[in-house]
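Beneath this line is the structure, given in structure tokens, with notes to follow.
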Amino acid sequence: MLKFKFVNFLLLISFVLVLAACSADSSGEASDDASSNSEEEITIRLGHAGNGLESDPYFSYTEKFSEVLEAETDGRIKVEVFPNSQLGDLDSMMEQVNNGDLDMTAGQNTGTLATYDPNMQVLDLPYAFETLEVGQEVLSGEFGDKLKEGVVDASNLKLMSFLPSSFRHFGNNIHPITSPEDLEGLTIRVMEVPVHQEMVKALGATPQVVAFEELYSAIQTGVVDGHEQAPYTMLMINLQEVTDYFTLDKHVMNTAVTLLNEDFFNSLSEEDQEIVVKAEKEAQQALLNHVAENTESDMQVIIGAGVEVAELTSEQFREFQDVVVGPVSEYLETKVDEGLVDEMLQAIEDAK
């Protein structure tokens with residue numbers, strides 16, 4: 001009987017040892033797999049609407065993004081860039097990223113991102129930001145983080161960065177604009193952003209949605225009387241060639257965003273995620289530096305093309321605020337979370 005029990009004991013010990021060996025082998029295989037994944041070669045496909053030339057801010061962005069990624073990973077992570085709307089217009093590229101057909105897109109507008117998260121519209125409240133420095137502080141703080149979280153919750157998009165790089169201004173071919181009354185009766189091209197359309201209506205003009213890629217011909221053929229752009233976006237498609245008057249009224253802070261497919265980001269190892277975030281932050285700064293360094297020369301190009309430029313005084317700026325802010329705020333409060341407009345205005349005050 002004792003011999004039988006001893007044999008059973010030996011069999012049990014042998015079984016446990018076999019299981020331990022199998023577990024060790026399995027663990028080793030898992031470790032090898034994780035190591036293999038972290039060494040996997042990755043290509044990030046990135047689309048944008050810039051012309052891809054060195055004068056384009058998004059050239060600076062994509063060059064720095066690619067440079068840092070390749071340096072940090074010894075060339076294991078690369079970026080394939082598709083400029084000049086090769087993969088479709090901005091709306092199409094945003095949808096492609098959301099669906100996972102494209103990994104990343106840069107130069108998207110906060111207003112069009114409201115398709116996924118209506119709260120993003122709050123950033124387009126006219127005449128809310130008076131300086132870029134205030135805007136950058138607000139968007140790099142708690143309020144900006146809150147908006148980023150909302151986008152992820154509402155879509156498959158990871159908002160990598162806000163790029164408050166310039167202000168949008170009115171351009172037209174009819175007459176100089178120095179008061180709200182000067183816009184009455186004009187047809188102004190706008191993006192497919194409801195807040196921008198409400199702003200133009202409040203100023204007595206007619207908003208007309210035209211794709212960015214079609215804007216040059218729309219102005220040239222008189223489909224629209226004017227448009228609203230940042231100086232550098234004017235130059236991206238040579239609007240200075242078809243614009244007679246440009247008024248620096250700073251009605252909306254031009255805040256582009258960069259978006260990454262959330263599933264793609266989550267599929268990366270933790271180490272690669274940190275590298276992508278680091279590279280994107282450096283690319284963000286490269287773009288902001290590019291715009292800041294070239295703002296004066298961009299304006300000289302616009303003036304040199306024969307465009308008559310007017311800059312509003314602080315009193316004239318207040319006139320536009322008085323006409324627009326009230327009605328557009330009322331509109332926004334019906335579209336975004338309760339209290340969000342006031343929360344942003346408070347964040348702006350705190351940043352001043």
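For what it's worth, UniProt numbering labels the leading residue of the sequence shown as 1, then goes sequentially. All residues carry an ideal CB built from backbone N, CA and C; glycine is no exception. All of these numbers come straight from a predicted model, not from anything done at the bench.
Candidates the options, of which the one nearest residue i by Cα
i: E192; options: D89, V301, L132 and Q300; result: D89
i: L113; options: E133, L132, L147 and Y216; result: L147
i: T187; options: E198, M199, S85 and Q208; result: Q208
i: S314; options: S179, E40 and F65; result: S179
i: Y232; options: A202, F59 and V325; result: F59
i: P316; options: V97, I177 and L159; result: The displayed chain sequence assigns Gln, not Pro, to residue 316. Nearest of V97, I177 and L159 to Q316, Cα basis: I177.
i: E54; options: V276, F212, L312 and N294; result: N294
i: G222; options: N172, P194 and T247; result: N172
i: M234; options: R189, V341 and N289; result: R189
i: Q321; options: E181, N84, L159 and D74; result: E181
i: N289; options: L268, N84, D74 and E133; result: E133
i: V210; options: D91, E296, E271 and T73; result: D91
Outcome for residue i when other beta-carbon atoms lying within 10 angstroms are tallied against a minimum of 16
i: Q352; result: Checking the sequence, you will find Lys at residue 352 rather than Gln. Classification of K352: exposed, given that the 10 Å Cβ count is below 16.
i: K278; result: exposed
i: H175; result: exposed
i: T110; result: buried
i: S217; result: exposed
i: residue 355; result: An answer regarding residue 355 cannot be provided, because it is not within the stretch 1 to 352 covered by the chain.
i: G326; result: exposed
i: N156; result: buried
i: I303; result: exposed
i: G144; result: buried
i: E280; result: buried
i: A286; result: buried
i: N238; result: exposed
i: T334; result: exposed
i: A71; result: exposed
i: A128; result: buried
i: D56; result: buried
i: D225; result: buried
DSSP-derived helix/strand/coil call for residue i
i: M299; result: helix
i: R318; result: helix
i: S27; result: The pLDDT assigned to S27 is 40, lower than 50, so where the model puts this residue is not dependable; a value taken from the coordinates is nonetheless given after this. It is helical.
i: T243; result: coil
i: G326; result: helix
i: N84; result: coil
i: E228; result: strand
i: V341; result: helix
i: A34; result: Note that A34 has pLDDT 38, beneath the 50 cutoff, so the model's placement of it is unreliable and the number below is only indicative. A34 falls in the helix class under three-state DSSP.
i: A256; result: strand
i: N98; result: helix
i: A347; result: helix
i: L312; result: coil
i: P118; result: helix
i: M234; result: helix
i: F59; result: helix
i: V276; result: helix
i: H169; result: strand
i: M104; result: strand
i: T73; result: coil
i: P126; result: coil
Residues near residue i by beta carbon distance below 8 Å, same chain, minus five either side
i: N8; result: Interpretation of N8 is limited by its pLDDT of 45, a score under 50 that renders its predicted location unreliable; no figure is taken from the coordinates.
i: L183; result: F170, I177, V200, L203, G204 and A205
i: K40; result: The displayed chain sequence assigns Glu, not Lys, to residue 40. Excluding positions up to five away in sequence, the list reads R76.
i: Q96; result: G47, L87, G88, L102 and T105
i: D263; result: G100 and N156
i: M344; result: V122, L123, L125, A128, V138 and F143
Contact belief for residue i with residue j at Cβ below 8 Å, rounded distance in angstroms
i: D249; j: H169; result: 6 Å
i: L163; j: A49; result: Going by Cβ atoms, the distance from L163 to A49 rounds to 13 Å, so no, they are not a contact pair.
i: M199; j: P126; result: 5 Å
i: L215; j: H196; result: L215 to H196, Cβ: 14 Å. No contact.
i: M120; j: L259; result: M120 to L259, Cβ: 11 Å. No contact.
i: F65; j: A283; result: 4 Å
i: A347; j: G141; result: 7 Å
i: A305; j: Q240; result: 4 Å
i: N261; j: G107; result: 16 Å between Cβ atoms; not a contact.
i: Q220; j: V242; result: 5 Å
i: V307; j: F246; result: 5 Å
i: M236; j: N51; result: 6 Å
i: residue 369; j: V301; result: The question about residue 369 has no answer, for the chain in this structure spans 1 to 352.
6 Å CB neighbourhood of residue i in its chain, flanking five on each side removed
i: A230; result: S166, R168 and N254
i: G339; result: none
i: N98; result: S155, N156 and L157
i: Y331; result: E198
Cβ shell of residue i (< 7 Å), same chain only, five flanking positions each side left out
i: Q136; result: P164
i: A154; result: Y116 and D117
i: M93; result: G47, L87, L102 and T105
i: Q273; result: F265
i: V79; result: I44, L46, T62, F65, S66 and L69
i: D124; result: T110, G111, V193, V195, H196 and V252
i: V324; result: P126, Y127, M199, A202 and L203
Proximity test, residue i beta-carbon vs the ligand MG heavy atom, cut-off 8 Å
i: P83; result: As far as ligands go, the structure on display features none, and thus does not contain the ligand MG.
Closer than 9 Å to chain D by CB, residue i
i: Q273; result: Given the protein chain composition of this structure (a single chain), no chain D is represented.
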